[in-house]
Every structure is written in C-alpha cells, then in structure tokens.
Amino acid sequence: MRSRHLLSAGDLDAADITRVLDTAAHLAKVTDRAIKKVPTLRGRTVCNLFFEDSTRTRISFELAAKRLSADVINFSAKGSSVSKGESLKDTAITLEAMGVDAIVVRHAASGAPWRLAEWVRAVVVNAGDGTHEHPTQALLDLYTMRQRFPGFEGLRVAIVGDVLHSRVARSNVLALTTMGAEVTLVAPPTLLPARVEAWGVAVSYDLDAVLPKQDVVMMLRVQTERQRAGFVPSMREYARLYGLDARRLELMADHAIVMHPGPMNRGVEIAADVADSLERSVIADQVANGISVRMALLYLLLGGPEVVS
Amino acid sequence: MSGRAVVMDAADVHRALVRIAHEVVERNKGTGGLVVVGIHTRGVPLAGRLAAKLTEIEGRPVPHGALDVAMYRDDIGMRPPQATHDTHLPFDLAGTVAVLVDDVLYTGRTVRAALDALTDFGRPRAIQLAVLVDRGHRELPLRADYVGKNLPTAPDQAVKVRLQETDGHDGVVVEDGPRKAVAS
Numbered sequence: 001m002r003s004r005h006l007l008s009a010g011d012l013d014a015a016d017i018t019r020v021l022d023t024a025a026h027l028a029k030v031t032d033r034a035i036k037k038v039p040t041l042r043g044r045t046v047c048n049l050f051f052e053d054s055t056r057t058r059i060s061f062e063l064a065a066k067r068l069s070a071d072v073i074n075f076s077a078k079g080s081s082v083s084k085g086e087s088l089k090d091t092a093i094t095l096e097a098m099g100v101d102a103i104v105v106r107h108a109a110s111g112a113p114w115r116l117a118e119w120v121r122a123v124v125v126n127a128g129d130g131t132h133e134h135p136t137q138a139l140l141d142l143y144t145m146r147q148r149f150p151g152f153e154g155l156r157v158a159i160v161g162d163v164l165h166s167r168v169a170r171s172n173v174l175a176l177t178t179m180g181a182e183v184t185l186v187a188p189p190t191l192l193p194a195r196v197e198a199w200g201v202a203v204s205y206d207l208d209a210v211l212p213k214q215d216v217v218m219m220l221r222v223q224t225e226r227q228r229a230g231f232v233p234s235m236r237e238y239a240r241l242y243g244l245d246a247r248r249l250e251l252m253a254d255h256a257i258v259m260h261p262g263p264m265n266r267g268v269e270i271a272a273d274v275a276d277s278l279e280r281s282v283i284a285d286q287v288a289n290g291i292s293v294r295m296a297l298l299y300l301l302l303g304g305p306e307v308v309s
Numbered sequence: 001m002s003g004r005a006v007v008m009d010a011a012d013v014h015r016a017l018v019r020i021a022h023e024v025v026e027r028n029k030g031t032g033g034l035v036v037v038g039i040h041t042r043g044v045p046l047a048g049r050l051a052a053k054l055t056e057i058e059g060r061p062v063p064h065g066a067l068d069v070a071m072y073r074d075d076i077g078m079r080p081p082q083a084t085h086d087t088h089l090p091f092d093l094a095g096t097v098a099v100l101v102d103d104v105l106y107t108g109r110t111v112r113a114a115l116d117a118l119t120d121f122g123r124p125r126a127i128q129l130a131v132l133v134d135r136g137h138r139e140l141p142l143r144a145d146y147v148g149k150n151l152p153t154a155p156d157q158a159v160k161v162r163l164q165e166t167d168g169h170d171g172v173v174v175e176d177g178p179r180k181a182v183a184s
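First to last, the protein sequences are chains A and B. Counting in this note's numbering, the first sequence runs from 1 upward without gaps. Counting in this note's numbering, the second sequence runs from 1 upward without gaps.
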C-alpha cells in the first residue's frame, strides 16, 4: 500500500485496490470456517471512533478486527466526554496515550480524518467524513462488482441520486475511475456538486435513458438529515423521477445488478421489491463483503512494521 | 561475483519425491487415513505430486490440499504484510495423518505457523513433515520426517526451488550472498 492510512479512495492506485480485493477474497474464507478467527493481529488494538450514528459500518469494522484477533474499543460520541465538549484533538490525544494501533473514524466534518492523522501515530482509517469520502464502502462495492463481472475496464456503472451529499459516490468515483470503469452520475441538477465536470465522469439528468446501458446501477440514499435546504420539491416527486422501481428494473440489461450502500429509504430511492429482488439486488452481498474487505485493509495497514516518526 | 550452483536437477527432484512417497507408505503401513497438505507457494504443487505418487503406489486415492500460513506467521508486524492465498482442504482433518509438505525447511517458522493454521481446521491424529530440501539453521525445535536432500548452507546463501507448475521447470539452485537468504 502506498499510504500508511486509508483516508481517501484516491490515495489507492490500481495495484493497491487489486491487492485489497485479492486479500479480501482469501480472508472471506475465514468466515466459512468452524473457527471464524485467525491470530494475525493479536495484541493490536483498534478503536472505532464514531462521532456519527452507524450500524453496519461500525459492526462491520468490529467483526473484521475481531476475526483478526485484534482488541476493539468502541467509542461513540454519545455517552462520552465529547458530549461534555471535548475536542477531536483532545479525544485523539487520549486514545494515543492509551496506545491504540488504529483509529477507525467517522465524523460529520469533511476532512476530520486528515486532521486526526496529523495528531496521532496510529493508523487512521476513514469510515466516512461528512459529505466527503467513505473509502471502505467504495472498496466493498468494487469487491461486490468483481464477484459478478470479470474486470473493471469498460464496466459501466451508474451512480444515481443525492450525489451532492454522498461520500459513497465520491469514493466510488475515485476508485472506479482508477480501475478503468465508465461512471455515469444521474441526479437532478440541484443534487450534483458544483464543478462536477472536473470529476471526469459522464453526467445525466435522465435515469430512464441511462439505465439500459449499465452493468451496475448504484442507488444512493436520499439523505433526509441533510435535506433541510430543500434540494428537491418533494420525496414523491424525487421517487417518480429518480427512484428505482419495478418498471425501471425492466429497462436494465438482463445481466445488470442493483447496489445500495444502505440504509435504504424504501419507496423513495428504491422500491421495496427492487431492493429484495433475488436476481438483481446484491445489497445483502455488499454487507457481507464489507467484513472481508475491512479485514483485508486492517491486515494490510496493521500487518507491517510500525512506522517510527 | 556471486556463485550459483545447481544442486538438484529435474530427475533428482523426481527421484526424491518417489523415495519420499515410499518412505511415507512404509512408515504409515499404507495410505489409510492419510492426507497431504501443501504449504503455499511451492509446497502446494509438491503436495499434489506426492499425493499422486502415493495414490499410484497403493492403488487408492490419497487426497491433498493447500494451506496458507500468512495470517499465522510470527513475524507479522516485523516486515511488510505477506501476500495471502486460498486455503483449500477438501477433506475432514479429524483423525487423519496429515503430511505437511514444503519446498525448503530453514528456520522452521513457516512450519510452526502451518501447525497453528492446520489445527484451526481440525485435529489430525498425527502430523508429519516432508520437505524437498532441508538447509539447516533451525530457530525452533522442529525436524522433518521426510527429506529430499540435506543441503548444508551458509545463512547468506539463497536456496531456490523451481517447479514446473510455478516456474516452468524443476530444479534446486543455491546462490551465494550478498543478499540475505529468502527461503524459509
């Protein structure tokens, strides 16, 4: 790996991404064993430092660390000194003093993991920073795509919905373009970031026109908690224009798959019968693959010599 | 200039494996309950060949599998993370006599990791160790049950086993330093 932290999906080159996915494929087998554990990271401590709510990402990192025999500390802002006003820096210094080897951080502020990485000697893994990046989600998404398709070169992936607020979209665009996939962002103009042309991907406002050409359709969650500014007139209108329902599923190629990073707003960006479609939906696979991919990352980031700085 | 000596050619490798197969059969009084487990990377094709030879000698199939020890090494955190491979053991280990196979026996640390890895998959009745080359310099109290060739070496020499399946040809070469030996 080129970087000792995992902050951005853009820090990984094609060789890094391939190594993570290959390692994840080997480590996935640990989950199938009678003893679902290897002693690899015995004596190492991983801290899940979550300033935002999370179910699947935190549990996924916790299981990944435990299957590698690392000790895990779960820290959530609620019920901690953060609610007494402790700063990110003081929290980081405290964790450092306790000797953690890796900090998996989720924070509402974009860029928080970069600041953290400046303050601590531990390896920092970005588990979602504001509306910025979520690199481990992108890696597990690529792993899931690779289970269904032979490679990424020329693979056509549509990322649909609230791109503006989506850290999942940003990290996926970075990783997918690194691997040679052809990405199309589909969203209403109000939910696309400024200067999206600079991302080097196609952009469309018309979901029906894009769907037939795609190998992968990735639906993004409408972030109702970040929707105060009224980016869309109503959820009903959003669902009509950009929701993936049974009719739109029919427009997709026979081999195409549906992905969603979760948690889903059923009936808004994705209809319940689409989410549960056995032929199309790989949403449950994404969750299962998350553990293997995070095991691979923890092994590759923590399995080497400690950096003395 | 560093020296380079071929210590086993393709015929030597073949004869060593045939002899080891006969020793395995003799010592275990047949091949009943026997499984052969190769350690990645070059132990895997050697295990396949040994299992085929055992099958031929006794006329009943001897299963073989592949074991990755990367996650069980005792030098994790001391050097860059080692590449991982698939572990594939298509049989129940319980009650078997498992013959571990590797290309070179050196410090013994890979074999120690393999013993731990294997134990996580089940409890064989016994584990035996077969290696193509024993080059000495053990750092752990281990020895091989079957040895293709005992090869006295200096620690700064490198022993390179080449196999048809991984390298296109069979043979064993010893190269002089200055590089630290890479085989384990």
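Glycine included, each C-beta is placed from N, C-alpha and C at the ideal position. Please read these numbers as outputs of a predicted model, since none were measured by experiment.
- Bridge pairing for B:R4: B:E175 [DSSP].
- With respect to chain A, the C-beta atom of B:F91 has no partner C-beta closer than 8 Å.
- With its beta carbon less than 8 Å from one in chain B, A:G303 belongs to the interface.
- Under DSSP, A:V105 takes part in a beta bridge, and its partners are A:L49 and A:N126.
- Against chain B, a Cβ distance below 8 Å from A:K29 picks out D86 and T87.
- Partner residues in the beta bridge of B:H88, as assigned by DSSP, are B:A66.
- Here A:M145 is near A:V216, since their CB atoms are less than 8 Å apart.
- At a beta-carbon threshold of 7 Å, the residues of chain A lying near B:P81 are Y299, L300, G303 and G304, ordered along the chain.
- For A:I35, the closest alpha carbon among the candidates B:P124, B:K160, B:L151 and B:T119 is that of B:T119.
- When C-alpha distances from A:L139 are compared across A:V163, A:L155, A:P150 and A:V168, the shortest belongs to A:V168.
- With a 10 Å radius around the Cβ and a threshold of 16 neighbouring Cβ atoms, A:Q286 comes out buried.
- Taking C-beta atoms under 8 Å as the contact rule, A:E62 and A:V72 qualify, at a distance of about 5 Å.
- One finds D120 in chain B with Cβ atoms closer than 7 Å to the Cβ of A:I35, taken in chain order.
- When C-alpha distances from A:T57 are compared across A:A15, A:A127, A:V38 and A:R115, the shortest belongs to A:A127.
- When secondary structure is reduced to three states using DSSP, A:I35 falls in the coil class, being assigned neither helix nor strand.
- Excluding sequence positions up to five before and after A:D208, its CB lies within less than 8 Å of the CB of R248 and L251, all in the same chain and listed in chain order.
- In chain order, T40, L41 and G303 make up the part of chain A whose C-beta sits under 8 Å from the C-beta of B:I76.
- Look at the segment 50–75 of chain B: the residues with a C-beta under 9 Å from a C-beta of chain A are D68, A70, M71, Y72 and R73.
- With a threshold of 16 other beta carbon atoms within 10 Å, A:N48 meets it and is buried.
- Membership of A:D90 in any beta strand (DSSP E) is not indicated; the residue belongs instead to the alpha helix (DSSP H) covering L88 to A97.
- Within the same chain, P61 and V62 come within 6 Å of B:T55 by CB-CB distance, once the 5 residues on both sides are set aside.
- Residue pairing by DSSP puts A:L6 in a beta bridge opposite A:V125.
- Of all C-beta pairs linking the segment 90–106 of chain B to the segment 131–149 of chain B, three or more are shorter than 8 Å, placing the two stretches in contact.
- Non-local beta-carbon contacts of A:A102 in its own chain, meaning distances under 6 Å to residues more than five positions away in sequence, involve V46, A122, V123 and L302 in chain order.
- A distance below 7 Å between beta-carbons, with the five flanking residues on each side excluded, links A:S171 to the following residues of its chain, in chain order: A9, E133, H134, P135, Q137 and A138.
- Following the DSSP letters along the chain, one finds A:F61 inside the alpha helix (DSSP H) bounded by residues R56 to R67.
- Straight across, the Cα-Cα distance linking A:G99 with A:D11 is about 26 Å.
- Shortest Cα-Cα distance from A:A28 to any of B:T84, B:G65 and B:D176 involves B:T84.
- If you look at A:R156, you'll find it in the beta strand (DSSP E) that goes R156 to V160.
- The Cβ neighbour count for B:T153, taken over all protein chains shown within 10 Å, is at least 16; the residue is labelled buried.
- A:A77 and A:F50 have their alpha carbons spaced roughly 6 Å apart.
- Per DSSP, A:Y242 lies in no beta strand (DSSP E) segment; the continuous alpha helix (DSSP H) that holds it begins and ends at M235 to Y242.
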